[in-house]
Ligand SMILES: Cc1cc2nc3c(=O)[nH]c(=O)nc-3n(C[C@H](O)[C@H](O)[C@H](O)COP(=O)(O)O)c2cc1C
């Protein structure tokens with residue numbers, strides 16, 4: 001097991017951004033509560049519209065994590081994902097389609113699932129509902145009244161949560177897959193309708209030896225995204 005450090009493993013934001021990746025295999029050892037609190041304290045510094053801080057974060061571990069995972073896994077095996085609290089993408093065209101395809105292929109290639117193997121891909125998709133073996137999952141909800149800006153703030157919160165976890169040598173993966181079943185999560189945890197599920201983040205100590213953690217996704221160049229107006 002990697003050492004549990006409260007001192008950062010990566011010091012600068014530039015290092016952290018280079019190191020972070022979506023971790024999809026974990027060691028079973030839990031992360032101590034004070035380390036999780038350190039991540040939460042860092043994420044709490046996130047900027048938000050009018051400083052509303054609309055995020056509610058539910059950290060699920062231990063027996064509750066097992067039971068939630070069982071419930072979601074069963075649900076996802078029985079019925080296809082529905083619309084969550086937030087709209088799904090309308091379509092993926094051109095380079096969006098290409099980038100989505102490439103990152104999917106990288107993932108399936110890393111664990112030897114062939115392109116034609118629909119069943120294998122379905123099986124791997126269901127691993128989302130086992131939280132990829134992570135001992136903890138953070139469920140991030142937005143206050144419904146705060147609308148789209150609140151959801152944007154929650155996205156920024158999720159990013160800071162993941163960067164803080166990375167700085168401490170932990171692994172994490174953001175998951176929209178959990179947000180496809182918001183009613184199941186709300187009912188299970190006794191959360192009111194007024195909280196809208198934005199995404200989940202599974203996290204823990206990475207299994208560095210697992211091949212699924214061995215690939216890194218690419219990014220478009222700056223010239224593809226930035227437009228200069230002088
Ligand atoms: C909002 C959001 C939702 C995501 N949902 C999932 C998911 O449900 N399952 C999954 O395995 N990865 C999910 N990802 C991870 C992306 O696939 C990943 O961030 C992307 O391919 C870039 O790779 P990287 O995170 O390793 O840099 C999600 C990422 C974001 C930001």
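In our numbering, the protein residues as written are 1 to 230. Cβ coordinates follow ideal geometry from the N, Cα and C atoms, glycine included. It should be emphasised that the depicted structure is a prediction, and the values quoted were computed from it without experimental measurement.
Using a 10 Å radius around the Cβ and a threshold of 16 neighbouring Cβ atoms, would you call residue 222 buried or exposed? exposed
Would a C-beta distance cut-off of 9 Å place residue 185 and residue 68 closer than the cut-off? yes
Environment of residue 54 [buried if 16+ CB atoms lie within 10 Å]: buried
Quick check: residue 32 and residue 135, are their CB atoms within less than 9 Å of each other? no
Identify, in the order they occur along the chain, each residue of the same chain with its Cβ nearer than 7 Å to the Cβ of residue 64, setting aside the five sequence neighbours on each side. none
Once you ignore the five residues that flank residue 216 on each side, which residues in its own chain have a CB closer than 8 Å to its CB? 21
Rounded to a whole number of angstroms, what is the C-alpha to C-alpha distance between residue 245 and residue 138? Past the boundaries of the shown model lies residue 245; the chain is included only from 1 to 230, so the question cannot be answered.
Mapping the DSSP letters down to three states, classify residue 4 as helix, strand or coil. Caution applies to residue 4, whose pLDDT of 47 falls short of 50 and renders its modelled position unreliable; the value that the coordinates give is listed next. Here residue 4 sits in coil by DSSP.
Give the list of continuous beta strand (DSSP E) stretches no shorter than 3 residues that lie fully inside the region 32 to 90. Runs found: 55 to 61.
Pairwise C-alpha distance: residue 178 and residue 90: 19 Å
Under three-state DSSP, which class holds residue 16? The answer is helix: DSSP assigns residue 16 an H, G or I state.
Using a Cβ-based criterion (distance less than 8 Å to any ligand heavy atom), does residue 22 qualify as near ligand 2? Only ligand 1 can be found as ligands here, which leaves ligand 2 out of the picture.
Residue 174 in three-state terms, based on DSSP: It is a strand residue.
Using 8 Å as the cut-off, classify the Cβ of residue 43 as near or not near the heavy atoms of ligand 1, replying yes or no. no
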